[in-house]
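Residue numbers (this note's numbering), protein chains in the order written: chain C, 13 to 480; chain B, 154 to 687; chain V, 342 to 471. Where is the CB? At the ideal position from N, CA and C, for every residue including glycine. Working notes, structure below.
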Amino acid sequence: MSRYTSATPDDRAEMLAAIGVASVDDLFEQIPGRLRLGRPLELPAGMSEAEVYERLAALAGRNVDAEEQVSFLGAGMYDHYVPAIVDAITSRSEFLTPYTPYQPEISQGGLQVMFEFQTAMSELTGLPVSNAGLYEGPSSVASAGYLAMGATKRRKFVVSRGVHPHSRETLATYSVGYGAEVVEVGLEGGVTDSAALAAAVDDETAAVIMQSPNFLGAVEDVEALGAAAKEHGALLVVACDPMTLGILKPPGECGADIAIGEGQPLGNRLDFGGPSFGFFCATEAQIRRMPGRIAGETEDVDGRRGFVLALQTREQHIRREKATNNICTAQALNALGAMVHLAWLGREGFRELGELLVRRTAYARERLAAVEGVELLHDEPVVREFAVRLDAPVDRVLDRVAERGIAAGYPLGRDYEEFEDGLLVAVTERRTPEQIDGLAEALGAAIAAERGANVADSATTAPQGAVA
Amino acid sequence: MTPLAEAPMQRERATTIYEKSKTGRRAAVLPDAGVPETPIEDLIPANLLRSDPPNLPEVAEPEIVRHYNRLSRRNFDLDSGFYPLGSCTMKHNPRLNERVAALPGHARLHPAQDPRRAQGALELMYLLQQSLSEICGLPGVSLQPSAGSHGELAGLLLTRAYHADRGETRSKVLAPDTAHGTNPASVTMAGYEVVKVATNERGGVDMDDLRAKIAAEGPDQIASLMLTNPNTLGLFDENIEEIAALIHEAGGTLYYDGANLNAIMGRTRPGDMGFDIVHLNLHKSFSQPHGGGGPGAGPIAVSSRIEPFLPRPQVVRKDAENGHGPSFDLDFDRPRSIGRLRGFQGNFGVFVRSYAYILSLGADGLTEASETAVLNANYLKARLAEGRAGERLPIAFDRHCMHEFVLSGRPMKNELGLATLDLAKRLLDFGFHPPTVYFPLLVDEALMVEPTETETKESLDAFADAIEEILAEAESDPEAAKNAPYSTPVRRLDEVRATRKPVVRQSFDAPAAAAATGEADFNDATSPSGGSDA
Amino acid sequence: MAEANYPDDLRYHDQHDWVRLDGDDAALFGITWFAQDTLGEVVFFEPPEVGTTVTKDQPYAEVESVKAVSDVIAPMSGEVTEVNDALSDSPEQINEDPYGEGWMIKVKLASPEEHESLLTAAEYQKLLDR
């Protein structure tokens with residue numbers, strides 16, 4: 013008997029007798045002798061709960077998290093305040109420990125949450141149909157591409173360079189399997205180059221894929237850009253940040269056929285990148301091509317209202333090689349977190365939060381633009397994130413600012429060679445005006461110091477990471 | 154109707170959170186902006202702005218808590234009872250793992266944090282990679298895939314990249330007819346065609362059919378064989394070495410669907426069996442809670458010939474220098490990589506839980522977990538071979554099983570008129586989650602039972618007794634099971650209607666009277682706990 | 342319809358499809374009582390487009406119940422001249438009236454002589470009894 017098992021020696025003896033074998037080894041006889049491991053796994057011995065806790069806490073202590081650092085990091089995942097009721101509800105056994113609701117009679121809680129969630133995402137995106145969630149953002153973009161191929165029988169994607177680099181790379185990875193071509197359209201002044209986009213779209217194009225706000229934080233004119241897709245019968249796919257949809261015109265009102273995105277800002281913690289969820293909304297015309305699970309309303313034999321998994325024939329467990337997608341495991345618990353967060357924010361709070369983000373971001377943008385050595389990378393409208401250029405090596409500036417307990421933002425040079433000097437700065441409701449002032453001051457000081465250091469050309473002044 | 158488990162869940166009429174909404178109510182109080190209240194239209198052009206806010210509910214916090222707590226009681230869950238869902242490994246989810254995953258150093262760590270300031274997270278990922286590598290007997294590990302099916306897609310894209318690197322183009326992927334549905338679905342998404350291989354009378358791969366299929370398609374067209382071992386019948390394929398030799402001779406890769414790894418940890422390893430690519434379901438063997446259908450994670454382990462093509466970034470360890478300890482980094486410089494499969498580094502929160510699980514159990518504990526899982530499955534199989542179950546629900550392939558086994562409900566259907574579905578629904582009244590039903594497709598009226606190692610002998614006995622009782626009941630009253638369940642929050646639901654005319658979201662067109670009726674219906678709740686524990 | 346029924350004036354394909362000739366070179370296709378009974382309540386039928394070609398023994402459409410999908414096999418070859426659009430709104434017609442309102446497509450036959458190779462009602466029922 014060890015951790016989490018409960019068979020006593022007596023139990024074992026009785027069970028072996030009932031099976032009719034002398035030992036557990038006899039049950040493993042079906043494994044050919046040469047393939048049996050024949051030695052213990054080379055892993056440490058088991059530990060007590062307290063020891064495991066200490067070990068994991070020590071590892072956690074070697075990370076610099078948003079609790080101990082004022083973080084302006086965004087780039088798709090944001091340090092929003094997750095209300096306490098999200099933790100309370102998502103940690104309930106009844107939501108935490110069941111499997112997929114394949115037996116609807118005893119899964120009404122989970123199924124109704126899916127239905128409520130679908131309603132919320134449909135409301136946010138302005139599209140009539142939502143699924144119950146996918147893995148996360150970038151792979152949802154790839155799944156949208158797959159749907160578009162099926163819907164149009166075409167194999168070309170035209171993708172804006174404003175789409176998250178992880179999404180573009182994921183789409184490229186998947187497209188090798190799809191046998192699809194990916195054509196990228198560049199940015200002009202911070203937003204998608206509309207002339208280049210129109211030129212790239214043709215009658216072979218399955219989908220035009222854009223993101224708004226785009227990776228540089230700029231709000232795209234989706235409606236205008238989408239015209240090219242409409243003209244050639246391609247689907248318009250819009251990746252969006254759900255937290256901006258209390259403010260921005262929803263993709264469904266801008267002509268989008270599909271809206272997808274990373275759901276983390278809604279009720280999910282940062283978790284170093286996951287688990288979170290992706291959302292996937294579409295027009296009615298696409299409902300039978302949707303990936304993932306969809307809950308639907310119905311009645312039981314007594315006429316009582318209930319919910320079931322609808323349209324299951326789309327899915328892999330029935331349609332197998334002809335399935336609309338291979339996805340099985342979804343992110344039900346993460347979608348629940350989102351739903352509780354949205355209910356907590358409510359109709360008014362959600363809009364107010366959007367306005368708060370717009371105003372604080374505008375303030376931050378203005379403060380940073382006034383710093384010596386900082387200029388705006390673009391002046392397009394933004395909601396919660398904006399891009400600047402630094403007149404000093406970005407990585408070194410970030411290290412200097414980190415010494416003052418601030419993560420200044422995301423270095424755009426990681427993904428855009430044309431923006432080696434770029435910094436992406438994100439603001440949430442947790443970032444106070446004072447913290448924004450602190451960032452401006454720290455950036456100014458760091459840039460000035462770097463320029464000085466540059467003049468001195470002295471390697472000895474190079475900063476060390478805060479936790480090198 | 155004989156003994157019904159007491160209804161543990163709410164039977165009130167379902168009322169959505171939207172129907173509880175009332176204009177003017179709210180929960181959230183936001184901080185003051187603390188900056189100038191510039192009109193939004195001055196910051197963003199009006200044509201890009203939304204005219205009406207989305208219809209989110211307007212509810213105060215107490216009502217939100219009550220709503221979701223009541224909803225939760227309309228779910229059956231692993232913490233409440235036996236959940237022998239085949240192929241899903243519903244083992245206990247230790248709460249320690251939740252606690253350590255919630256530490257701010259994990260939970261509030263931004264994924265774009267500079268690796269130098271995320272050393273603990275990268276080390277944890279590295280250590281998990283090492284652990285999974287040892288458990289699988291394969292040198293390379295990527296934690297990136299988000300789930301088993303995502304791992305399958307990764308594995309097939311790796312196969313494609315591996316062959317392309319050798320100047321080969323192959324078009325076919327072999328999979329047994331007992332394969333999980335995700336296998337063929339992934340094959341299609343990866344641009345291959347699936348070729349089905351038959352099952353032999355022992356429940357393993359039919360070797361003659363395998364040889365014939367390889368010959369018919371042409372060895373140089375065989376990209377891969379996807380196999381679960383033990384397979385979905387819960388049986389270990391004794392011919393695995395010969396299968397591996399045949400596939401490798403043809404130049405294909407051998408792919409291991411790790412859904413059933415829980416049977417073999419510390420006993421045998423996919424790498425030693427000859428597999429090139431393995432996916433693991435951290436939400437099955439490694440105790441990540443299923444969460445009502447996710448999240449999970451589907452790391453892959455690969456042989457050295459596949460390793461160069463793994464997704465990027467990879468977590469790497471750098472040796473000590475300048476008196477510092479070793480450090481960890483994200484390696485993007487992998488020119489032969491298939492690229493990314495998702496954003497950032499993967500489902501880190503899942504990695505924390507699974508690593509905590511591996512630390513808790515250790516080498517011995519993991520092996521013991523698999524042994525007990527196999528013991529429990531064989532014991533339950535033996536119990537169900539007795540009495541009425543033995544007669545009406547024969548085992549599909551009668552030999553020792555691994556961690557799960559498959560019964561056929563065909564005699565039950567023929568002799569008692571009870572379909573497998575009816576038995577499953579009647580089990581709900583007895584307080585059990587039914588096994589996986591109607592899978593694998595190969596077995597008529599299939600029931601696939603996986604008890605897992607964390608169940609007591611008493612639970613297994615109670616389940617076997619319930620099956621016996623239901624079969625006995627059906628002999629005198631077949632209608633009882635056919636109309637089951639009775640004690641659940643709702644009874645059998647009209648799935649035809651839900652699919653013919655799908656209603657997949659709340660409509661706000663209807664009159665707003667729903668909220669009122671919803672309140673009234675609260676009083677109809679029959680749950681014995683009433684609301685006292687809300 | 343609740344009872345098994347195989348009209349004598351139709352010919353049958355062993356994959357459970359029927360043909361009703363309409364003149365010398367046109368025919369209606371549908372699925373048999375057995376097929377719809379096996380499938381259960383039909384929830385969705387997506388017809389092929391008018392103008393497409395169907396080939397004997399090859400699938401031309403899919404029909405779905407809640408938990409199964411089945412290919413519909415063409416009993417003869419030809420070009421689709423008409424589809425039963427009413428089925429998109431009322432797929433239940435396939436269950437309720439498989440040989441009438443539940444017809445699926447009308448085809449201009451490429452090889453009318455294929456009709457001879459199809460099963461009679463008696464032959465088809467014999468096949469089902471095996």
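For residue i, which residues does DSSP report across the bridge?
| i | result |
| --- | --- |
| B:Thr406 | B:Ser377 |
| C:Asp422 | Checking the sequence shown, residue 422 of chain C turns out to be Tyr, not Asp. According to DSSP, which records beta bridges pairwise, C:Tyr422 is partnered with C:Leu436. |
| C:Asn280 | The partner list for C:Asn280 (beta bridge, DSSP) is empty, contrary to what the question assumes. |
| C:Met222 | C:Val250 |
| B:His432 | B:Asp410 and B:Ile453 |
| B:Lys325 | B:Glu346 and B:Ile375 |
| B:Asp482 | B:Val469 |
| V:His354 | V:Asp358 |
| B:Leu130 | There is simply no residue 130 of chain B to check, as chain B begins at 154 and stops at 687 in what is shown. |
| C:Leu321 | C:Ala307 |
| V:Phe370 | V:Val360 and V:Ile446 |
| C:Thr217 | C:Lys168 |
| V:Asp412 | V:Glu403 |
| C:Asp312 | B:Leu646 |
| V:Thr394 | V:Glu420 |
| V:Phe386 | V:Val404 |
Give me the residue from the options with the minimum Cα distance to residue i.
| i | options | result |
| --- | --- | --- |
| C:Pro150 | C:Gln276, C:Glu432 and C:Ile448 | C:Gln276 |
| C:His390 | C:Leu354, C:Gly189, C:Val203 and C:Tyr147 | C:Val203 |
| C:Phe319 | B:Asp582, B:Leu646 and B:Ile491 | B:Leu646 |
| C:Phe84 | C:Arg317, C:Tyr428 and C:Val400 | C:Val400 |
| C:Gly189 | B:Thr322, B:Leu201 and B:Pro268 | B:Thr322 |
| B:Ser261 | C:Pro95, C:Glu274, C:Asp91 and C:Thr109 | The sequence as given places Arg at residue 261 of chain B; Ser does not occur at that position. The shortest C-alpha separation from B:Arg261 is found at C:Asp91. |
| V:Arg361 | V:Leu428, V:Glu442 and V:Ala402 | V:Glu442 |
| B:Glu611 | B:Gly543, B:His333, B:Arg536 and B:Met418 | B:Arg536 |
| C:Glu333 | B:Thr335, B:Gly451, B:Asn529 and B:Leu380 | B:Thr335 |
| V:Asn346 | V:Pro453, V:Tyr440 and V:Leu428 | V:Tyr440 |
| B:Val656 | C:Ala460, C:Leu55, C:Thr131 and C:Gly121 | C:Thr131 |
| V:Ala409 | V:Ala427, V:Val395 and V:Glu382 | V:Glu382 |
| B:Arg422 | B:Pro329, B:Ile620 and B:Glu287 | B:Glu287 |
| B:Ser299 | B:Leu624, B:Arg248, B:Gly357 and B:Ile453 | B:Ile453 |
Which bits of chain C does residue i rub up against, with CB to CB less than 7 Å?
| i | result |
| --- | --- |
| B:Ile193 | Ile259, Glu367 and Val370 |
Since residue i meets chain V, which of its residues come closer than 7 Å, beta carbon to beta carbon?
| i | result |
| --- | --- |
| B:Glu648 | Val407 |
Using the beta-carbon of each residue, which ones in chain B are nearer than 8 Å to residue i?
| i | result |
| --- | --- |
| V:Pro432 | Arg653 |
| C:Val9 | Because chain C here runs from 13 to 480, residue 9 of chain C falls outside it and cannot be looked at. |
Identify the contact partners of residue i in chain C, using a Cβ-Cβ distance below 8 Å as the criterion.
| i | result |
| --- | --- |
| B:Asp230 | Ser105, Glu106, Phe107, Leu108, Thr109 and Pro110 |
Using a C-beta to C-beta distance shorter than 7 Å, which residues of chain B count as neighbours of residue i?
| i | result |
| --- | --- |
| C:Glu27 | Reading off the sequence, residue 27 of chain C comes out as Met, not Glu. Those within 7 Å of C:Met27 in chain B are Leu528, Tyr532 and Lys610. |
| C:Cys484 | Since the first residue of chain C shown is 13 and the last is 480, residue 484 of chain C is not available in this structure. |
**Contact list for the region 297-331 of chain C against chain V, Cβ threshold 8 Å** = Arg300, Gln324, Thr325, Ile330 and Arg331
**Prompt:** Any residues in the region 383-413 of chain V with a beta carbon nearer than 9 Å to a beta carbon of chain C? Which ones, in chain order?
**Reply:** Val384, Phe385, Glu387, Glu403, Glu405, Ser406, Val407, Lys408, Ala409 and Val410
**Item:** Members of the region 253-265 of chain B that neighbour chain C once the beta carbon cut-off is set at 9 Å
**Value:** Val253, Ala254, Ala255, Leu256, Pro257, Gly258, His259, Ala260, Arg261, Leu262, His263, Pro264 and Ala265
**Request:** Could you name each continuous beta strand (DSSP E) segment of 3 residues or more that falls completely within the region 530-618 of chain B, going from the start of the chain to the end?
**Result:** 558-561 and 599-602
**Message:** List, from N- to C-terminal side, the beta strand (DSSP E) runs of 3 residues or more that fit wholly inside the region 414-454 of chain V.
**Reply:** 419-424 and 446-450
**Message:** Short of 7 Å Cβ to Cβ, which residues in the region 271-291 of chain B face chain C?
**Reply:** Ala271, Gln272, Gly273, Ala274, Glu276, Leu277, Ser284, Glu287 and Ile288
**Message:** So if I threshold CB-CB distances at 8 Å, which residues from the region 489-516 of chain B count as touching chain C?
**Reply:** Ile491, Gly492, Arg493, Leu494, Arg495, Gly496, Phe497, Gln498, Gly499, Asn500, Phe501, Gly502, Val503, Val505, Tyr508, Ala509, Ile511, Leu512, Ser513, Leu514, Gly515 and Ala516
**Message:** At a CB distance below 8 Å, what residues from the region 177-189 of chain C approach chain B? Give them in sequence order.
**Reply:** His178, Ser179, Glu181, Thr182, Ala184, Thr185, Tyr186, Val188 and Gly189
**Asked** For the region 36-65 of chain C, which residues have a CB atom closer than 7 Å to at least one CB atom of chain B, in sequence order?
**Response** Val36, Leu39, Phe40, Gln42, Ile43, Pro44, Leu47, Arg48, Leu49, Pro52, Leu53, Glu54, Leu55, Pro56, Ala57, Gly58, Met59, Glu61, Val64 and Tyr65
**Asked** Name the residues in the region 203-227 of chain C whose C-beta lies less than 9 Å from a C-beta of chain B; which are they?
**Response** Ser224
**Item:** alpha helix (DSSP H) runs contained entirely in the region 173-242 of chain C, provided each spans 4 or more residues
**Value:** 177-190 and 206-212
**Message:** Taking beta-carbon pairs under 7 Å, can you tell me which members of the region 436-451 of chain B lie near chain C?
**Reply:** His436, Pro442, His443, Gly444, Gly445, Gly446, Gly447, Pro448 and Gly449
**Request:** Could you list the residues in the region 636-647 of chain B with a C-beta less than 7 Å from some C-beta on chain C, going in chain order?
**Result:** Pro638, Thr641, Pro642, Val643, Arg644, Arg645, Leu646 and Asp647
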